[in-house]
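Numbering (the UniProt record's numbering), first residue to last: 1 to 668.
Using N, Cα and C, we set each Cβ at its ideal position, and we do this for glycine too.
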């Protein structure tokens, strides 16, 4: 006789699980079939509570078959949904078997209820139910075995509940077949289990909401937890052995116990500090506890951190090797980069023999990487092969650039803990190879850009030198042109000495600039001077070409290095003289201004447009004059800006140009 309270409670619990399953699944259609299965189980348990004397005959027997039918439907639908098209033939075969057995068992039960023949239906009742229970176990086992890792995580709970209870039914029915009666203990245990086990279907519904997502369990937590469990179990075993030794002999038992524990602690420390041992533990945990082998978010963050580390920590080529090698726990590798002739040349070595490695385009490894673009498993190299001196090698990962194709490869040593090389590993390594190819290409582009900038800096530096040498040459040419006629003039002799000193000073400045690595002009000593004296000295070398005008009786001193002032004004005066007609002198007007003074250099040349002034005038190395260098205006503005002044340009096409120098005032 079955227990009425046990089955009544089981019926109530199954009804509760039937309500909770759709709620847990958030209304997803696959949840309604497990809910119907729980309702059928609740109906069966309630019927047993009503008819406890014969729990497998009459209405309880028919409802038990209905429950079995719903359990088979749950399993077959689950296998077809998660297994894809490949699961259809298997589901069809099991469905046909169920379609044959269920009517047979139902017919036997109906015959027993109608009491058509008491002996014959009773003889078939237990074997029919045994066949159904065996069918349910086979369906659950096939689903678990044929699904992949990701899908299995979602199917294991329903298979455990329905398949496990079917296995319990096999024990119950086998005992009944041998003893001739159902065991009350086993039967009541079956009712209690059916009240509790469907709770796992609620958890399965929650899992189903995250279909195709890995379980939200930290791999690091699992790894460290498993390590602690292993270490604890090891120490527990050692402690047990030590305790046994202590009781063997009073004289040496304690000594053996202490020695054993000390040695075990040392062995445990060595094992936990071994990367190979920890790698084996990690690999075993990943293979048995996770649907996906890699935590891709963590792997991508690790690779990004490795590639973006500072060069002082590790050279960029070595970081490129480690970005790929650390993903598969490999302790060493070789970076091959493409040379101009198309060969792959060893350019970096990490924990690998630093020997010359050159793979020509006809080498089998080079050819396979270029043609297939896939991760290549390496075998032992033949004698005389370029890879023969590189130690043991495991994989060749191609570095594929989206524009340049194969730009190199990373040769990996064997991993610390061996594992099967499957599609997931190949895809991860291929993705990391493309990321490393982009990283190396960007670094090469940055290096080429830096080289170009250095060349441009050298070109600009020598352009400055050529421009200043040209200015000095013009000054000396003017002095030589006037020397024959004015050599006996004391005033001319003083101007000649002044010009020579200025030329020598400028040449020394050029030499100092060439000696500086960045090409910047050395900052001259600051000072204050009377601007009209400097302008008159410059005007003497340009007789008749300049007209000096002073506005105001008192002009402040200028706070600017005299050499910088001379260089800036010389550039602007020469440009103005070249732009003006030969018979029209250039006017130089000096006037006091707020916090300093202004110097206007006015020519009557063709003038310039606003667009030219804005985009071209102060751009170094750009010029529209034949034989020009494009340096003068830009250098004049920079010299004035360094002294705290400013250069403004007032010009219109056809009306000439005014260069207005705003100079800071100095103190006497």
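ask   = Counting Cβ pairs closer than 8 Å, one from the stretch 292-306 and one from the stretch 350-370, do we hit at least three?
value = no
key: Reference residue 163, options 147, 136, 438 and 383, closest by Cα   = Considering only alpha carbons, the answer is 136.
Beta-ladder partner(s) of residue 599, from DSSP = 590 and 661
request  = Give me the Cα-Cα distance between residue 661 and residue 404, rounded to the nearest whole angstrom.
outcome  = Counting only the Cα atoms, residue 404 lies some 53 Å from residue 661.
Residue environment, residue 475, which counts as buried when at least 16 other CB atoms sit within 10 Å = Flag for residue 475 reads buried.
task = Identify the continuous beta strand (DSSP E) that holds residue 336 and give its terminal residues.
result = 333-338
message = For residue 500, count the other beta carbons within 10 Å of its own beta carbon; 16 or more makes it buried, fewer makes it exposed. Which is it?
response = exposed
ask   = Residues bridged to residue 648 by DSSP?
value = 660
query = Name the DSSP beta bridge partners of residue 397, please?
reply = 410
key: Inter-residue spacing [alpha-carbon to alpha-carbon] between residue 441 and residue 613   = Rounded to the nearest angstrom, the gap between the Cα atoms of residue 441 and residue 613 is 39 Å.
request  = Take residue 570 as the anchor and find which of 470, 421 and 606 has the nearest alpha-carbon.
outcome  = 470
task = Going by CA-CA distance only, name the one from 147, 148, 3 and 350 that's closest to residue 183.
result = 3
request  = Mark residue 493 as exposed unless 16 or more other C-beta atoms lie within 10 angstroms of its C-beta, in which case mark it buried.
outcome  = By the 10 Å Cβ count, residue 493 comes out exposed.
Endpoints, the beta strand (DSSP E) within which residue 349 is located = 344-350
query = Does the stretch 386-398 come within contact of the stretch 416-435, defined as at least 3 CB pairs closer than 8 Å?
reply = yes
query = Can you tell which of 333, 407, 585 and 41 has its C-alpha closest to the C-alpha of residue 165?
reply = 41
message = I need the DSSP call for residue 548, collapsed to helix, strand or coil.
response = strand
task = Taking residue 369 as the reference, give the member of 401, 380, 389 and 79 with the closest Cα.
result = 401
ask   = Which whole-angstrom value describes the C-beta separation of residue 138 and residue 83, a residue pair presumed to lie in contact below a C-beta threshold of 8 Å?
value = Contact flag wrong, Cβ pair sits at about 15 Å.
task = Determine whether the Cβ of residue 317 lies closer than 8 Å to any Cβ atom of chain B.
result = As a matter of chain content, chain B is missing from the structure shown, which is built from one protein chain.
task = Return the chain-ordered list of same chain residues with a C-beta closer than 6 Å to the C-beta of residue 540, the five sequence neighbours on each side being excluded.
result = 495
message = Going by beta-carbon coordinates alone, are residue 536 and residue 555 separated by less than 8 Å?
response = Contact flag unset, no.
key: Stretch pair the stretch 574-583 + the stretch 556-566: three plus CB contacts closer than 8 Å   = The stretch 574-583 is not in contact with the stretch 556-566.
query = residue 187 and residue 172: beta carbons closer than 8 Å?
reply = yes
query = Taking C-alpha atoms, which residue in 599, 608 and 653 lies nearest to residue 645?
reply = 599
message = Buried or exposed, going by whether 16 or more other CB atoms sit within 10 Å of the CB of residue 508?
response = exposed
inquiry  = Short of 6 Å in beta carbon distance, which residues of its chain neighbour residue 666, apart from the five on each side in sequence? Order them along the chain.
reply    = 528, 557, 558 and 559
ask   = Skipping 5 residues on each side, what residues in its chain have a beta carbon closer than 8 Å to that of residue 101?
value = 128, 131, 132 and 135
query = So which of 307, 335 and 333 has the shortest CA-CA distance to residue 323?
reply = That would be 307, whose Cα lies nearest to the Cα of residue 323.
inquiry  = I'd like the list of long-range same chain contacts for residue 596, defined as Cβ closer than 6 Å, with 5 residues on each side in sequence excluded.
reply    = 663, 664 and 665
task = Within the same chain, show all residues whose beta-carbon is closer than 8 Å to that of residue 97, passing over the 5 residues directly before and after it, in chain order.
result = 135
query = Measuring CB to CB, does residue 74 end up less than 8 Å from residue 33?
reply = yes
task = Verify whether the separation of the beta carbon atoms of residue 443 and residue 316 is less than 8 Å.
result = yes
task = Take residue 93 as the anchor and find which of 104, 366 and 72 has the nearest alpha-carbon.
result = 72
key: Sequence-distant residues of its chain with Cβ nearer than 6 Å to residue 675 (five each side left out)   = Past the boundaries of the shown model lies residue 675; the chain is included only from 1 to 668, so the question cannot be answered.
query = Within 10 angstroms of its Cβ, does residue 407 collect 16 or more other Cβ (buried), or is it exposed?
reply = Its Cβ being crowded by 16 or more others within 10 Å, residue 407 is buried.
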